[in-house]
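Each protein sequence line maps, in turn, to chains A and B. Take any residue in the first sequence, count from 1 to its spot, add 153: that is its number in this note's numbering. Take any residue in the second sequence, count from 1 to its spot, add 153: that is its number in this note's numbering. We treat Cβ as the ideally placed atom computed from N, Cα and C, and that holds for glycine. Bear in mind the structure is a predicted one, so any value in this text is a computation, not a measurement.
There are 2 protein chains.
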Amino acid sequence: MLHSGRLRLLSLLETLGTVRAVAETAHLSASTVSQQLAVLETETRCRLLERTGRRVRLTPAGLLLARRGREILDQMAEAEAELHALNDEPIGLVRLGVFQSAIYTLAVPAATRLATTHPRLHLELIELEPHESGPALRSGEADIIVTTTDYTGLSWGADLELIPLGSDQIVLVLPPGHPLACRTTVSLAACKDEIWACDRPQSYMAELTVRLCRESGFEPRVACRFGNYLMLLRHVEAGRSIALLPALAVTPEHAVVTRGLSTPVHRNVTIVVRRGTTQRAAVNAVVAALRDHPELPALSTSHHRLGREPTEPPR
Amino acid sequence: MLHSGRLRLLSLLETLGTVRAVAETAHLSASTVSQQLAVLETETRCRLLERTGRRVRLTPAGLLLARRGREILDQMAEAEAELHALNDEPIGLVRLGVFQSAIYTLAVPAATRLATTHPRLHLELIELEPHESGPALRSGEADIIVTTTDYTGLSWGADLELIPLGSDQIVLVLPPGHPLACRTTVSLAACKDEIWACDRPQSYMAELTVRLCRESGFEPRVACRFGNYLMLLRHVEAGRSIALLPALAVTPEHAVVTRGLSTPVHRNVTIVVRRGTTQRAAVNAVVAALRDHPELPALSTSHHRLGREPTEPPR
DNA sequence: CTGTTCTGTTCGGTGAAACCGTACAATCGG
DNA sequence: CCGATTGTACGGTTTCACCGAACAGAACAG
Numbered sequence: 154m155l156h157s158g159r160l161r162l163l164s165l166l167e168t169l170g171t172v173r174a175v176a177e178t179a180h181l182s183a184s185t186v187s188q189q190l191a192v193l194e195t196e197t198r199c200r201l202l203e204r205t206g207r208r209v210r211l212t213p214a215g216l217l218l219a220r221r222g223r224e225i226l227d228q229m230a231e232a233e234a235e236l237h238a239l240n241d242e243p244i245g246l247v248r249l250g251v252f253q254s255a256i257y258t259l260a261v262p263a264a265t266r267l268a269t270t271h272p273r274l275h276l277e278l279i280e281l282e283p284h285e286s287g288p289a290l291r292s293g294e295a296d297i298i299v300t301t302t303d304y305t306g307l308s309w310g311a312d313l314e315l316i317p318l319g320s321d322q323i324v325l326v327l328p329p330g331h332p333l334a335c336r337t338t339v340s341l342a343a344c345k346d347e348i349w350a351c352d353r354p355q356s357y358m359a360e361l362t363v364r365l366c367r368e369s370g371f372e373p374r375v376a377c378r379f380g381n382y383l384m385l386l387r388h389v390e391a392g393r394s395i396a397l398l399p400a401l402a403v404t405p406e407h408a409v410v411t412r413g414l415s416t417p418v419h420r421n422v423t424i425v426v427r428r429g430t431t432q433r434a435a436v437n438a439v440v441a442a443l444r445d446h447p448e449l450p451a452l453s454t455s456h457h458r459l460g461r462e463p464t465e466p467p468r
Numbered sequence: 154m155l156h157s158g159r160l161r162l163l164s165l166l167e168t169l170g171t172v173r174a175v176a177e178t179a180h181l182s183a184s185t186v187s188q189q190l191a192v193l194e195t196e197t198r199c200r201l202l203e204r205t206g207r208r209v210r211l212t213p214a215g216l217l218l219a220r221r222g223r224e225i226l227d228q229m230a231e232a233e234a235e236l237h238a239l240n241d242e243p244i245g246l247v248r249l250g251v252f253q254s255a256i257y258t259l260a261v262p263a264a265t266r267l268a269t270t271h272p273r274l275h276l277e278l279i280e281l282e283p284h285e286s287g288p289a290l291r292s293g294e295a296d297i298i299v300t301t302t303d304y305t306g307l308s309w310g311a312d313l314e315l316i317p318l319g320s321d322q323i324v325l326v327l328p329p330g331h332p333l334a335c336r337t338t339v340s341l342a343a344c345k346d347e348i349w350a351c352d353r354p355q356s357y358m359a360e361l362t363v364r365l366c367r368e369s370g371f372e373p374r375v376a377c378r379f380g381n382y383l384m385l386l387r388h389v390e391a392g393r394s395i396a397l398l399p400a401l402a403v404t405p406e407h408a409v410v411t412r413g414l415s416t417p418v419h420r421n422v423t424i425v426v427r428r429g430t431t432q433r434a435a436v437n438a439v440v441a442a443l444r445d446h447p448e449l450p451a452l453s454t455s456h457h458r459l460g461r462e463p464t465e466p467p468r
């Protein structure tokens with residue numbers, strides 16, 4: 154393989170014409186230049202220089218290699234510039250893992266804003282539930298995740314950086330005209346005879362729903378278990394069930410009523426990135442876009458923690 | 154500037170995925186690969202690798218550099234291949250310096266043949282008289298010259314290689330119907346009252362014409378001195394003069410009569426190249442084309458030397 | 001839970017290379 | 001002929017690439 158330093162010397166020789174000038178330009182001694190060019194000749198097994206009088210001339214082979222070498226060096230410089238641009242400008246691919254209820258209310262608006270402000274930044278949205286997003290972030294499937302630190306099963310190591318985003322209220326979702334809808338807040342105990350819709354088994358919201366119901370003294374009767382919150386809302390909309398959902402998941406276009414619980418429950422919503430990833434301008438731009446959510450029904454910053462504290466404070 | 158060896162390791166890492174595999178493929182130790190990649194990171198001032206578990210993953214920056222690096226390495230390999238092709242295949246530019254009388258009878262037919270047999274070989278014909286062609290060859294203006302070793306003013310050093318091509322008879326050129334044309338060979342002494350056309354002052358043929366005339370006991374009366382042999386032949390054709398010319402210069406389409414001298418005079422015609430240039434296939438192809446002259450009025454190999462012997466035998 | 005075996009990295013040491021300064025040969029100019 | 005300038009050859013020094021061993025973390029089998 155060719156050596157870029159030697160190619161540079163040859164390329165300089167073509168433009169400057171003399172070994173001494175090359176040496177001065179490259180801040181080397183003339184002997185070094187001569188030696189390196191000789192090495193290049195043995196490496197390529199081609200005569201590149203022709204000694205003519207007291208100066209040196211490029212052979213056709215030398216001329217060819219000098220010109221191609223310059224192209225190669227230019228390409229190297231270009232690659233280096235692109236490399237630095239990648240860190241300094243918000244461009245390139247960023248994969249954002251978001252749990253389902255935050256997709257349309259948080260991630261999509263952020264992505265829309267980013268598409269106009271940073272057209273060269275390619276954002277890839279991935280639906281990742283809290284129990285999946287941690288490993289995905291570590292393995293590199295995602296560069297940024299929006300998740301909850303209340304999730305009990307996962308520890309956030311020192312390699313990850315937590316950026317608190319706010320808290321998401323857990324609300325009771327009722328069909329319009331439901332008897333419980335007349336009150337501003339509802340006690341869960343009043344729902345013990347209701348039919349429930351909830352997320353799929355083992356999912357975060359399914360576990361939470363069951364736990365809260367049990368804490369209120371009853372076992373919920375479940376009518377459906379849908380991973381898709383839109384289907385779940387339709388089920389409630391149709392008067393077939395009620396549900397506990399994060400407020401983020403309920404968009405205005407659904408004909409349902411949401412009511413807070415009499416003992417309010419929130420879950421922490423946090424951005425997590427791999428430590429060191431924040432040096433990328435693109436990552437920072439996405440994080441900033443996520444934190445800036447004007448159209449969002451304000452995420453109250455006060456929150457009642459459901460799980461244990463994160464093992465690492467968000468520095 | 155980037156280092157090609159390190160780029161190769163990064164590029165290999167992208168395809169192989171693991172440092173160990175890269176080390177094996179590159180016939181290096183794993184520690185070396187790790188170190189070199191670390192050097193690449195400090196050189197670029199970018200994080201290229203991300204340690205994830207017990208293996209390593211490329212960052213977006215690393216991925217970019219790996220791909221661009223592969224392009225660069227491919228280009229290097231391509232350049233190297235072109236370089237060797239330049240020596241092994243008859244391609245590229247070859248500049249051929251030829252004295253005037255050999256242009257249309259020797260050089261142009263050879264160039265025509267070469268154009269069909271070696272389309273990628275670009276031959277550039279340069280009119281160079283014997284006194285010019287030596288320096289031009291040495292300075293690199295020409296890669297091959299066709300000249301005469303009989304020329305007295307020049308020494309052929311050890312840096313040049315002589316390839317004898319044949320000998321060119323010096324003939325007397327007469328207008329059709331000229332009284333001297335009745336004989337098969339003419340003695341120069343019989344021409345002492347003629348009007349002469351010859352080459353420009355100081356040129357090879359002008360000097361030769363004067364010398365031969367003086368040896369025959371008279372000073373030629375010169376009517377014109379043209380550097381262009383075609384004009385010179387027209388002058389003779391018109392009956393205004395006679396001339397001494399190399400047989401090569403007289404093509405059949407001219408309405409003139411050529412007669413040999415009673416004491417025949419030849420001049421040596423030789424190909425000269427810079428020693429070492431013969432390693433180029435293109436140069437060899439041109440030399441071969443020049444030596445192969447089917448349509449040429451045979452250059453007799455016997456010759457009567459006009460000047461001193463070349464200082465170097467054509468080995 | 002524990003040892004085993006992968007992973008990549010760190011460390012001290014070694015040989016090769018890149019490099020310098022000097023000396024030298026050749027060339028060009030005056 | 002002499003001085004200026006060219007490229008090169010030769011010794012010595014510094015830097016770099018490399019290795020092998022030791023190490024630390026992670027996956028995995030028992």
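Residue range of the alpha helix (DSSP H) that Arg351 of chain A falls in?
Arg is not the amino acid found at residue 351 of chain A; the sequence shown has Cys there. Element bounds for Cys351 of chain A: not the alpha helix (DSSP H) but the beta strand (DSSP E), 348-351.
Do you know how far the Cα of Gly429 of chain A is from the Cα of Pro213 of chain A?
Roughly 49 angstroms between the two C-alpha positions.
Using 8 angstroms as the threshold, is the C-beta distance between Thr338 of chain B and Trp349 of chain B below it?
Against a cut-off of 8 angstroms, the Cβ pair of Trp349 of chain B and Thr338 of chain B comes out as no contact.
Should Gly170 of chain A be flagged as near chain B, meaning a C-beta pair shorter than 8 angstroms?
No, Gly170 of chain A lies away from the interface with chain B (no Cβ there is under 8 angstroms from its Cβ).
Between Ala232 of chain B and Ile225 of chain A, which are expected to be in contact by the criterion C-beta below 8 angstroms, what is the C-beta distance as a whole number of angstroms?
Cβ atoms of Ala232 of chain B and Ile225 of chain A come within 8 angstroms of each other, at about 7 angstroms.
State the start and end residues of the unbroken beta strand (DSSP E) segment that holds Cys377 of chain A.
374-378 is the extent of the beta strand (DSSP E) around Cys377 of chain A.
Member of A:Ser369, A:Phe371, A:Met358, A:Cys366 whose CA lies at the smallest distance from the CA of Arg378 of chain A:
For Arg378 of chain A, the nearest C-alpha among the options comes from A:Met358.
Does the separation of the CB atoms of Glu108 of chain A and Thr431 of chain A fall below 8 angstroms?
Since the first and last residues shown for chain A are 154 and 468, residue 108 of chain A lies out of range.
On the DSSP bridge assignment, give the partners of Leu155 of chain A in chain order.
Paired residue(s): none; Leu155 of chain A is not in a bridge.
Do you know how far the Cα of Glu347 of chain B is from the Cα of Ile395 of chain B?
Taking the straight line joining both Cα atoms gives about 7 angstroms.
By how many angstroms is the C-alpha of Gly250 of chain A removed from the C-alpha of Ser286 of chain A?
Whole-angstrom Cα-Cα distance: 6 angstroms.
For the alpha helix (DSSP H) holding His407 of chain A, just list the boundary residues, first then last.
Careful: His407 of chain A lies outside any alpha helix (DSSP H) and carries neither H nor E.
In chain order, what residues of the same chain lie with their CB nearer than 8 angstroms to the CB of Ile279 of chain A, ignoring the 5 residues before and after it?
If you ignore the 5 residues before and after Ile279 of chain A, its C-beta comes within less than 8 angstroms of the C-beta of Arg248, Leu249, Gly250, Val251, Ala289, Glu294, Ala295, all in its own chain and listed in chain order.
Between the CA atoms of Val436 of chain B and Thr416 of chain B - distance to the nearest angstrom
Taken atom to atom, the span from the alpha-carbon of Thr416 of chain B to that of Val436 of chain B is near 37 angstroms.
Contact list for Ala214 of chain B against chain A, beta-carbon separation under 7 angstroms
Within 7 angstroms Cβ-Cβ: Leu236, Leu239, Asn240.
Kindly list, in the order they appear in chain A, the residues whose Cβ is closer than 7 angstroms to that of Ser292 of chain B.
Per Cβ cutoff of 7 angstroms: Thr205.
CA-CA distance, Leu386 of chain A and Ser157 of chain B?
As the crow flies, the alpha-carbon of Leu386 of chain A is around 58 angstroms from that of Ser157 of chain B.
Simplified DSSP assignment, three categories, for Gln322 of chain A
Of the three classes helix, strand and coil, the one that applies to Gln322 of chain A here is strand, per DSSP.
For Gln188 of chain A, count neighbouring Cβ atoms within 10 angstroms of its own Cβ and tell me buried if that reaches 16, exposed if not.
By the 10 Å Cβ count, Gln188 of chain A comes out exposed.
Do we get a CB-CB distance below 8 angstroms when we pair Thr197 of chain A with the residues of chain B?
Using a CB distance cut-off of 8 angstroms, Thr197 of chain A counts as an interface residue toward chain B.
Taking one C-beta from the region 231-245 of chain B and one from the region 264-284 of chain B each time, how about it: are there three or more such pairs within less than 8 angstroms?
When Cβ pairs closer than 8 angstroms are counted between the two stretches, the region 231-245 of chain B is seen to touch the region 264-284 of chain B, the count reaching three or more.
Along the chain, where does the beta strand (DSSP E) that runs through Gly250 of chain A open and close?
245-251 is the span of the beta strand (DSSP E), which, as asked, contains Gly250 of chain A.
Quick one: does His419 of chain B have its CB under 8 angstroms from some CB of chain A?
The beta carbon of His419 of chain B does not come within 8 angstroms of any beta carbon belonging to chain A, so the residue lies off that interface.
Under the DSSP definition of a beta bridge, which residues are partnered with Ile297 of chain B?
Answer is B:Leu249, B:Val426, bridged to Ile297 of chain B.
For Arg161 of chain B, which of B:Val209, B:Cys199, B:Met229 has the nearest alpha-carbon?
Nearest C-alpha to Arg161 of chain B: B:Met229.
Close Cβ partners of Ala434 of chain B (< 7 angstroms) along its chain, the five nearest in sequence each way excluded
The beta carbon of Ala434 of chain B is closer than 7 angstroms to those of Asn240, Asp241, Glu242, Pro243 in its chain, skipping five residues each way along the sequence.
Member of B:Arg207, B:Glu177, B:Val172 whose CA lies at the smallest distance from the CA of Leu190 of chain B
Leu190 of chain B has its Cα closest to that of B:Val172, out of B:Arg207, B:Glu177, B:Val172.
Give every residue of the same chain whose Cβ lies closer than 7 angstroms to the Cβ of Ile424 of chain A, excluding the five residues on either side of it in the sequence, and list them in chain order.
For Ile424 of chain A, where only same-chain residues beyond five positions count, the Cβ hits under 7 angstroms are Ile297, Val299, Ile316, Leu318, Val440, Leu443.
Please decide whether Gln228 of chain A counts as near chain B, where near means a Cβ-Cβ distance under 8 angstroms.
Yes, Gln228 of chain A lies at the interface with chain B (some Cβ there is under 8 angstroms from its Cβ).
I need the DSSP call for Arg336 of chain A, collapsed to helix, strand or coil.
Correct three-state label for Arg336 of chain A: coil.
Taking only three categories from DSSP, how would you classify Leu290 of chain A?
Residue state, collapsed to three classes: helix.
Please determine if the region 318-329 of chain A and the region 399-416 of chain A are in contact, where contact requires at least 3 C-beta pairs separated by less than 8 angstroms.
They touch, by the three-pair rule.
Please confirm whether Leu216 of chain B and Leu202 of chain B have their CB atoms less than 8 angstroms apart.
With respect to the 8 angstroms criterion, Leu216 of chain B and Leu202 of chain B are not classified as neighbours on the basis of their beta carbons.
Integer Cβ distance of Val422 of chain B from Thr265 of chain B, believed to fall under 8 angstroms:
Not quite, the Cβ-Cβ distance comes to about 19 angstroms (not below 8 angstroms), so this is no contact.
Test: Gly287 of chain B CB closer than 8 angstroms to a CB of chain A
Under the Cβ distance rule, Gly287 of chain B does not count among the residues neighbouring chain A, no pair being separated by less than 8 angstroms.
Suppose contacts are defined by Cβ-Cβ distances below 8 angstroms. Is Pro262 of chain B in contact with His446 of chain B by that definition?
Between Pro262 of chain B and His446 of chain B, the gap from beta carbon to beta carbon is short of 8 angstroms.
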